[in-house]
Each structure stands twice: as C-alpha cells, then as structure tokens.
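The numbering used here applies: residue 16 is where the sequence shown begins, and numbers increase by one.
The structure under discussion appears below in the form of structure tokens.
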Amino acid sequence: MNDSQKFCVLGNAMNAKSMGLGEEVSTPALISAALIFFGLIFFILS
Numbered sequence: 016m017n018d019s020q021k022f023c024v025l026g027n028a029m030n031a032k033s034m035g036l037g038e039e040v041s042t043p044a045l046i047s048a049a050l051i052f053f054g055l056i057f058f059i060l061s
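Printed below as a string of structure tokens:
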C-alpha cells in the first residue's frame with residue numbers, strides 16, 4: 016500500500032467512527048473501532 020491508500024483507509028475509518036458516534040454506540044463496536052484506528056496508526060508509523 017502506498018501513502019495515499021493508507022490515508023484513504025484511515026479517512027474511511029475515521030468517517031465510520033464519526034458516524035457511529037452520532038448514534039448510540041455499543042461497547043464492542045467502539046472497542047473494535049478503536050483497535051482498528053490504533054492498528055492503522057501503528058501500521059502507518061511503522
């Protein structure tokens with residue numbers, strides 16, 4: 016994956032998280048979103 020693809024994926028993850036937070040979020044969904052988010056950051060920085 017090149018940098019632009021990484022940012023596209025990261026943007027999609029953030030959009031999904033924002034949309035989810037607009038509604039009532041279940042704990043497992045919030046945890047999985049956080050894990051994906053931090054996993055992407057770690058992947059980009061590594």
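The beta-carbon is built from N, C-alpha and C at its ideal position, and this holds for glycine as well.
The C-alpha of Ala28 is placed about 11 Å away from the C-alpha of Ser47. DSSP places Asn27 within a helical segment (H, G or I) once states are collapsed to three. DSSP, reduced to helix, strand and coil, places Ser47 within a helical segment of the structure shown. Separation of Ile59 and Gln20 (C-alpha to C-alpha, rounded to the nearest whole angstrom) is 11 Å.
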